[in-house]
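J.: Provided herewith is a single structure, encoded as C-alpha cells, for subsequent inquiry.
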Amino acid sequence: MKKFSALFYREIFIGFRNIGNLTISLSFFFISIVIFIISLGPNPEMLSSAGFAIIWATVLFTIILSADQFFLKDFVDGSLKELQIIGYSPESIIIVKVIVMWIFLILPLLLFTPILSLMLQLQSKETIYLLFSITLGSPSILLIASIGTLLKKKKKNNKVLLLILVYPFFIPILIFGVGSIQSSDSMVNNQSNFLVLIAIFLITLPITLISGKYAFKEVNK
Amino acid sequence: MFNLSNPKKFQNFSDTIYPWVFYGSFISVVIGLYFSFFKSPPDYLQGETVRIMYVHVPCAWLSLQIYLIMAICSFVSIVYKHPLADIISRSCAPIGACFTLITLITGSIWGKPTWGTWWVWDARLTSELILLFIYLGHILISNSFEDVRKGDKNAAILTLVGVINLPIIKWSVDWWNTLHQTASISKFSSPSIDPLMLTPLLIMTSSMMLFFISILLNRVSSEVLKRKIEIIRINQNN
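The following block contains the structure:
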C-alpha cells in the first residue's frame, strides 16, 4: 500500500509539472465546442437540444487526444519498464495512471462544463445530468483509452490510430451517457441509465486490467 | 530626449515613472468608483445594472488596444528585429487575456438581467471569445519552445495573423444585426451618452489604462532582467 501511494505521489508530481498540457487540452475542449456552435448557428432552441450531445462527444475526443500524454513520456524515457522492474504490477500502474488522469483531465473538464452548458442554454437540470453522466462514464473511457495508448506505443505520434482502435468500445458508453438526457422526463429511466454506466465501468475494470497486463508484456518486448 | 529602445535606458525610465503610474491608477480608480456609484444616475431602462458598464466598457476597449500594441510590437520585431518589441509583446499577452476574460464575465453578468440570458452567440460576443483564444494561443506558443527567441518569433507571426479579428470585433455590431448594442461613444461625432455617465466612464478608462501601463512596465523590466541573468549564466558556464 505504501508503494502504491508512492507511485501515486510520483504521478501527481509529474502532473503538476506538465500543467501546460492541461491548458492545451482544455483549450481544445472549449474551441471544438465553439466550432460546433458556430457551424450549427446561434439559434438557442437548436443549441439547447443539441448541447448535451455536443459536450459529450467533445469530452470523448478530448480524452482520446490527450490520453497518451500520460503514458508516452514514461514509455520514451523507459520509466514504464523501470517501474515494473522495481516491482509494480501492470495493474497497479494502470489504476494509478487512470486515477491521476481523472484528476488532471476530467476534473477540469467537469469544472468547465457548467460554464459551457450556460453558453449552450442548457437548463440547470440537464447540466446536473450531464455532470453525473460524465462523472460515471469517464472512468471506463479512461481505462479503455489507456489500454489503447499502450497498444499503439510503437507508433508514437499517430493520435488518430488510437481513435480507430478504441472507438467501438466507446459507443455503448456514449449511448448510455447521452441517453440519460433523452429520457429525462421519467426519473426511472434516468436512474437506469446511470446504473448501466456504473455497470459498464464494473465490466471494463477487470477486462482492461487483464488486457493491460498483456499489453504491458507486448510493450516490454 | 531619451532613447527608449535601449533596454538599459528603458529600465531607468520605467523605474522613474512606475510609482507615478501605479499610484495614479489607484487614486483614479477610487475617484472613478465614487463617480460611478454616487454621481451617475441609474438608466431609465436598465436601472442600477447599468453601472456594470463602468467596468465592462473600459476592459473591452483595453482588450482591443492591448492587442493592437502587441500587433505593432510584432511587426517591429519581425521587420527591425528589435528585442524590446518581443519582450513587450510577450508581457502584454497575459494582461490582455485577463482584460478579455473580465470583459466576457462582466458582460455575461450584465446580460443576465438585461437580455435574460448569460450568453448569446452573437457576432460581438463570439469575436471577443475568439480574441481570448488568440491571446491564449499567443501565451502557449511563446512558452512552448526551449529557445525563448524562437517562441517570440512564432508568436509574432500568430499575432499579425490575428489582427484580422480586431476590425471584426470593432464593427461587428454594425455589420450584423446583433443583440449587443452599437457604439454610443465616438470621437468624431457628439456621443449619444449623458455627460453624467460619460465622466465616470472616462475616469475608469484612464485608471485602467494607467493600471495596464504599470503592470506592463513591471513585467517588461522583470523580463529584461530575466534575460540578462540568463546571458550572465551562459557566459559563466562558458
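Quick mapping for you: the protein sequence lines, in order, are chains Z and X.
In terms of this note's numbering, the first sequence opens at residue 1 and continues consecutively.
In terms of this note's numbering, the second sequence opens at residue 1001 and continues consecutively.
Cβ coordinates follow ideal geometry from the N, Cα and C atoms, glycine included.
None of the values given here were measured: they were computed from a predicted structure.
Within its chain, find whatever has a CB closer than 8 Å to the CB of W1115 of chain X; leave out the 5 residues flanking it on each side and keep chain order.
T.: Cβ within range, chain order: L1179.
J.: State whether the region 1096-1106 of chain X contacts the region 1055-1063 of chain X, with contact taken as three or more CB pairs (one from each stretch) at a distance under 8 Å.
T.: Verdict: yes, contact present.
J.: Using a cut-off of 7 Å between C-beta atoms, extract the partners of P114 of chain Z located in chain X.
T.: Neighbours of P114 of chain Z on chain X: none; closest Cβ ~11 Å, over 7 Å.
J.: If you compare alpha carbons, which of Z:A215, Z:S133, Z:K159 is closest to S192 of chain Z?
T.: It is Z:S133.
J.: Pull out every residue of the region 1100-1119 of chain X whose Cβ sits closer than 9 Å to any Cβ of chain Z, in chain order.
T.: Residues S1108, T1117, W1118, W1119.
J.: In chain order, what residues of the same chain lie with their CB nearer than 8 Å to the CB of F1145 of chain X, ignoring the 5 residues before and after it?
T.: Same-chain partners within the cutoff: G1151, N1154.
J.: According to DSSP, what are the bridge partners of G1047 of chain X?
T.: Bridge partners of G1047 of chain X: X:D1043.
J.: Leaving out five residues on either side along the sequence, give the residues of the same chain with a beta carbon under 7 Å from the beta carbon of L151 of chain Z.
T.: L165, A215, listed in sequence order.
J.: Taking 8 Å as the limit between beta carbons, can you name the residues of its chain near F71 of chain Z, skipping five residues before and five after?
T.: So the qualifying residues of the chain are L80, K97, S146, T149, L150, K153.
J.: Taking 8 Å as the threshold (beta carbon to beta carbon), is W1121 of chain X in contact with chain Z?
T.: Closer than 8 Å to some Cβ of chain Z, the Cβ of W1121 of chain X qualifies, so yes.
J.: Mind listing which residues of the region 94-118 of chain Z have their C-beta closer than 7 Å to chain B's C-betas, in chain order?
T.: No chain B appears in the structure shown, which is made up of the protein chains Z and X.
J.: Quick check: the Cα distance between I1102 of chain X and Y88 of chain Z, rounded to an integer number of angstroms?
T.: The alpha-carbon atoms of I1102 of chain X and Y88 of chain Z are separated by roughly 47 Å.
J.: Give the single residue among X:D1015, X:K1112, X:S1142, X:C1092 whose Cα lies nearest to the Cα of I1157 of chain X.
T.: Ranking X:D1015, X:K1112, X:S1142, X:C1092 by Cα distance to I1157 of chain X puts X:S1142 first.
J.: Would you call W1121 of chain X buried or exposed, if buried means 16 or more other Cβ atoms sit within 10 Å of its Cβ?
T.: W1121 of chain X should be labelled buried.
J.: Pop quiz: V1021 of chain X and L1225 of chain X are said to be a contact at Cβ under 8 Å. What is the actual Cβ separation, rounded to whole angstroms?
T.: Going by Cβ atoms, the distance from V1021 of chain X to L1225 of chain X rounds to 19 Å, so no, they are not a contact pair.
J.: Within the continuous alpha helix (DSSP H) that includes F36 of chain Z, where are the two ends?
T.: It spans 19-40 - the alpha helix (DSSP H) in which F36 of chain Z sits, taken as one unbroken run.
J.: Tell me, please, whether the CB atom of I31 of chain Z is closer than 8 Å to any CB atom in chain X?
T.: Cβ-Cβ to chain X under 8 Å: yes for I31 of chain Z.
J.: Would you kindly check if the distance between the Cβ of I1095 of chain X and the Cβ of F1212 of chain X is under 8 Å?
T.: Yes, the pair counts as a contact, with Cβ atoms nearer than the cut-off.
J.: Give the straight-line distance between the Cα atoms of N18 of chain Z and A1071 of chain X, rounded to the nearest whole angstrom.
T.: Going from the Cα of N18 of chain Z to the Cα of A1071 of chain X covers about 29 Å.
J.: If contact means a Cβ-Cβ distance below 9 Å, which residues of the region 67-96 of chain Z contact chain X?
T.: If the cut-off is 9 Å between Cβ atoms, the region 67-96 of chain Z has nothing near chain X.
J.: In whole angstroms, what separates the C-alpha of N43 of chain Z from that of S32 of chain Z?
T.: Approximately 18 Å between the Cα atoms of the pair.
J.: In whole angstroms, what separates the C-alpha of L162 of chain Z from that of I64 of chain Z?
T.: Approximately 7 Å between the Cα atoms of the pair.
J.: For the alpha helix (DSSP H) containing G1111 of chain X, list its first residue and its last residue.
T.: Start and end: 1083-1115.
J.: Residues of chain Z with a CB under 8 Å from the CB of L1129 of chain X: which are they?
T.: Per Cβ cutoff of 8 Å: V34.
J.: Short check: CB of L22 of chain Z to CB of P114 of chain Z, under 8 Å?
T.: No. Outside cutoff.
J.: Quick check on Q121 of chain Z: buried or exposed, where buried means 16 or more other Cβ atoms within 10 Å of its Cβ?
T.: Buried, since its Cβ has 16 or more Cβ neighbours within 10 Å.
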